[in-house]
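Sequential numbering from 12 applies to the sequence shown in our numbering. Cβ coordinates follow ideal geometry from the N, Cα and C atoms, glycine included.
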Amino acid sequence: MRLAFMGTPSFSVPALQALIAAGHEIVAVYTQPPRPSGRGQKLKPSAVHISAMSAGIEVRTPKSLRNKEVQKEFSNLRLDCAIVAAYGLILPEPILTAPKFGCVNIHASLLPRWRGAAPIQRAIMAGDSETGVVTMAMDEGLDTGPMLLTEVTPIGCKTSGGELHDRLSEIGARLIVPTLAGLEESSVKPTPQPSTGITYAQKLNKEDCLIDWTQPAIEIDRHIRALSPFPKAWSRFSGEEFKIGACSLEAAEGSPGSLLDDNLLVGTGRGAIRIQALQRPGKAMMDASSFLRGYPMLAGNTFTR
Numbered sequence: 012m013r014l015a016f017m018g019t020p021s022f023s024v025p026a027l028q029a030l031i032a033a034g035h036e037i038v039a040v041y042t043q044p045p046r047p048s049g050r051g052q053k054l055k056p057s058a059v060h061i062s063a064m065s066a067g068i069e070v071r072t073p074k075s076l077r078n079k080e081v082q083k084e085f086s087n088l089r090l091d092c093a094i095v096a097a098y099g100l101i102l103p104e105p106i107l108t109a110p111k112f113g114c115v116n117i118h119a120s121l122l123p124r125w126r127g128a129a130p131i132q133r134a135i136m137a138g139d140s141e142t143g144v145v146t147m148a149m150d151e152g153l154d155t156g157p158m159l160l161t162e163v164t165p166i167g168c169k170t171s172g173g174e175l176h177d178r179l180s181e182i183g184a185r186l187i188v189p190t191l192a193g194l195e196e197s198s199v200k201p202t203p204q205p206s207t208g209i210t211y212a213q214k215l216n217k218e219d220c221l222i223d224w225t226q227p228a229i230e231i232d233r234h235i236r237a238l239s240p241f242p243k244a245w246s247r248f249s250g251e252e253f254k255i256g257a258c259s260l261e262a263a264e265g266s267p268g269s270l271l272d273d274n275l276l277v278g279t280g281r282g283a284i285r286i287q288a289l290q291r292p293g294k295a296m297m298d299a300s301s302f303l304r305g306y307p308m309l310a311g312n313t314f315t316r
């Protein structure tokens, strides 16, 4: 099939590579423009941009798809389909309807649960026991289009956001090729999403990542796992913002946020957690024992919001 691929972060790269390996003709890749990165704030292309360039595919980086000229250029590609995976721009109606088979989205949740921007982290934070990937025929709504193919995967009690991200990324790559084949052969029939069970995975901001120590330990554990390794949970200690990368549940009780011993056992609203990895501002994430050798955190001190 004659395709365009529209994606930006590392999550999208395996799907692009799967389409290339399957022999599809990818005539253009659309991705977010390069962004300033690092101490020098040099412009850095997206993961998809880098992957497409290495494969010799034309890369386009419009700031918006609402521009008439951009829409005309897209229509002129004469596409069979456009594949969208974590692109980050809204697709207006002229883009959605230009390809013969429309636009197909790779979405990292079991729709209609967790429509929106942060389905991976929100699923872990909510304590969901499973999630998955849905390929979806896109419409103008927010992840409201009919479903094509689905694959389910469990969320374990120690699953981190990073682990689930990588697993769902590979599932998306595995689903997209048979999805296209099914559309072309009319063997995959779009199925409307259920009208019940709809939830929204709002984009994460800094305050969403702040730990609320009055919550039960099990919820704080989910919070920390969901946000590891990015964007990371955080809390204040001695006036500084510390990022917390990993923890374990402990059978102890104490005042929420209070250090209960000298080895990072912290009280919560119910139960306790032991911090296993943390990071000071401007420093690297470290395991707890290495961290404490250079920065003791003694019992009686407190993490705060």
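For LEU221 and SER249, the gap between their C-alpha atoms comes out near 15 Å. The shortest C-alpha to C-alpha distance from THR161 to any of HIS176, LEU186, GLU174 and ILE101 is the one to LEU186. GLY143 is bridged by DSSP to VAL163. Rounded to whole angstroms, the gap between the alpha carbons of ARG124 and SER266 is 35 Å.
By the neighbour-count criterion, in which 16 or more other beta carbons inside 10 Å mark a residue as buried, ALA63 falls on the buried side. The beta carbon of ILE135 lies closer than 7 Å to those of ILE166, THR170, GLY172, LEU175, ARG233, ARG236 and ALA237 in the same chain, with the five residues before and after it left out. DSSP, read as helix, strand or coil, puts GLY138 in coil.
Following the DSSP letters along the chain, one finds GLN204 in no alpha helix (DSSP H), marked with neither H nor E. Between ALA184 and PRO25, the CB-CB gap stays under 8 Å. Boundaries of the alpha helix (DSSP H) harbouring ILE182: 172-196, taken from the DSSP string. For MET64, there is no enclosing beta strand (DSSP E); the residue is found in the alpha helix (DSSP H) stretching over 58-65. Note that the C-beta distance between PHE22 and SER120 is not below 8 Å.
With a contact defined as Cβ atoms closer than 8 Å, LYS214 and ALA128 qualify at about 4 Å. Residue environment for LEU90: buried (at least 16 other C-beta atoms within 10 angstroms of its C-beta). ASN116 and LEU107 have their C-alpha atoms roughly 11 Å apart. Beta-bridge annotation (DSSP): ILE286 is paired with CYS258.
In the DSSP assignment, ARG71 is bridged to TYR41. DSSP places ILE222 outside any beta strand (DSSP E), giving it a letter other than H or E. The Cβ neighbour count for SER65, taken over all protein chains shown within 10 Å, is under 16; the residue is labelled exposed. Judged by DSSP in its simplified three-state form, LYS83 adopts helix.
Less than 8 Å separates the beta-carbon of ILE284 from that of ALA228. Distance check between ALA310 and each of ASP273, GLN132, ARG291 and GLY280 places ASP273 closest, using alpha-carbon atoms only. Proximity to TYR98 across SER57, GLU195 and GLU104 peaks at SER57, based on C-alpha coordinates.
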